[in-house]
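A short write-up of the structure that comes next.
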Amino acid sequence: MTTDQAKQLSESAITRLMEALDQGQSDALKTYLRVMSRFHRYSWGNSLLIYSQRPEATHVAGFHAWLKLRRYVRKGEKGIVILAPMVGKKRRPDDQELAEDEQTRVFGFRAAHVFDVSQTEGEPLPEFATITGDPQCYTERLRQFVANQNIALEYDSKISPARGLSSGGRITLLPEMPPAEEFSVLVHETAHELLHRGERRQATTRAVRETEAEAVAFVVSSAIGLDTHSASSDYIHLYAGDKATLVESLAFIQQTSALILEAITAQAPALAQAAAN
Numbered sequence: 141m142t143t144d145q146a147k148q149l150s151e152s153a154i155t156r157l158m159e160a161l162d163q164g165q166s167d168a169l170k171t172y173l174r175v176m177s178r179f180h181r182y183s184w185g186n187s188l189l190i191y192s193q194r195p196e197a198t199h200v201a202g203f204h205a206w207l208k209l210r211r212y213v214r215k216g217e218k219g220i221v222i223l224a225p226m227v228g229k230k231r232r233p234d235d236q237e238l239a240e241d242e243q244t245r246v247f248g249f250r251a252a253h254v255f256d257v258s259q260t261e262g263e264p265l266p267e268f269a270t271i272t273g274d275p276q277c278y279t280e281r282l283r284q285f286v287a288n289q290n291i292a293l294e295y296d297s298k299i300s301p302a303r304g305l306s307s308g309g310r311i312t313l314l315p316e317m318p319p320a321e322e323f324s325v326l327v328h329e330t331a332h333e334l335l336h337r338g339e340r341r342q343a344t345t346r347a348v349r350e351t352e353a354e355a356v357a358f359v360v361s362s363a364i365g366l367d368t369h370s371a372s373s374d375y376i377h378l379y380a381g382d383k384a385t386l387v388e389s390l391a392f393i394q395q396t397s398a399l400i401l402e403a404i405t406a407q408a409p410a411l412a413q414a415a416a417n
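Position one of the sequence shown corresponds to residue 141 (the working numbering), numbered consecutively onward.
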């Protein structure tokens, strides 16, 4: 598949998703967000490409990355097309090299292929942490991330029946929530702090802001293995506008989810490390 064909596939996937949402099929976005939670290190566009070609994928890597894990892509398997950046060095007009931190840049993108673990065979993968209903150490890591953003965190029963509030540099949570719910609500309010302060708050509706924050909570909670019952918002409210609105929101959701997940994941699984090589 050529790069142009890959870009066309991505555009078609966005169109199909938009059409499904227009018809009231909000499960289409929920399925995509689940894919995004599994591949938060990929751009939202590549997550969409994975979703459109193999929505059941769980762990993807390139052919040679699988070999490093002593697994082999089965003969005849069809790769999942993504867009990989082409990075190269640039020189000054006088043909002298730039400083080291100025030498490389992205020149464009090319079509590349990855394969899901279900398309491979070989040695068992390293064990991946699975968490069901218990965020364990992730809540404390999330609290530390919030503190590092200079956001105050407090607990106050007076906010009931609300479970959490974000007020610009301060997050207030309802005390004594179940651990999984506390984690999800804290992610939701953190997303508000990261996404919806300053000019962008004035440029979005309340429905868009709430849905974006809940989508981030859904992605992050799913990524660490929580049962995401709290992510029950009607995602279709995100899409009162045109396709451009859809694309903009998905990019913000992916970027914010990835930022939080990178911060609270102390050690990347071996598979993710290999996939990045």
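We put the CB at the ideal spot given by N, CA and C, even for glycine.
query, result
"Alpha carbon of L335 to alpha carbon of R341, nearest angstrom", "8 Å"
"Distance CB(I220)-CB(H199) smaller than 8 Å", "no"
"Contact the region 287-303 vs the region 314-327: 3+ CB pairs below 8 Å", "yes"
"Proximity winner among I222, R174, R250 and Q145, relative to E354 (alpha-carbon distances)", "R174"
"Closest Cα partner of S192 within the set D274, F358, C277 and Q148", "Q148"
"Whole-angstrom distance between G262 and R214, CA atom to CA atom", "10 Å"
"Span separating the alpha-carbon of D296 from that of P264", "47 Å"
"P275 and L401 closer than 8 Å at C-beta", "no"
"Helix, strand or coil at G185 according to DSSP, with G and I counted as helix", "helix"
"Closest by C-alpha distance to S187, when choosing among A224, A331, Q259 and A403", "A224"
"R337 Cβ short of 7 Å to the ligand SAM heavy atom set", "Ligands are entirely absent from the displayed structure, and the ligand SAM is therefore not among its contents."
"Cα-Cα separation between A408 and A363, rounded to whole angstroms", "With a pLDDT of 43 at A408, under the threshold of 50, the modelled position of this residue cannot be trusted, and the question is left open."
"Proximity winner among T351, T279, I190 and T330, relative to P318 (alpha-carbon distances)", "T279"
"A292: first and last residue of the uninterrupted alpha helix (DSSP H) it sits in", "A292 -> not in any alpha helix (DSSP H); beta strand (DSSP E) instead, spanning A292 to Y295."
"Enclosing alpha helix (DSSP H) for V213 [first to last residue]", "Premise fails: V213 lies in the beta strand (DSSP E), R211 to V213, not in any alpha helix (DSSP H)."
"Sequence-distant residues of the same chain with beta carbon closer than 8 Å to T171, five excluded per side", "Y191 and P195"
"Per-residue DSSP class, three states only, for T260", "strand"
"Reduced DSSP secondary structure (H/G/I, E/B, other) of M226", "strand"
"Residues bridged to F81 (per DSSP)", "Any question about residue 81 goes unanswered here, given that the chain covers just 141 to 417."
"For L305, three-class secondary structure by DSSP", "strand"
"Counterpart residues of F255 in DSSP-defined beta bridges", "A201"
"Span of the alpha helix (DSSP H) around L282", "Y278 to N288"
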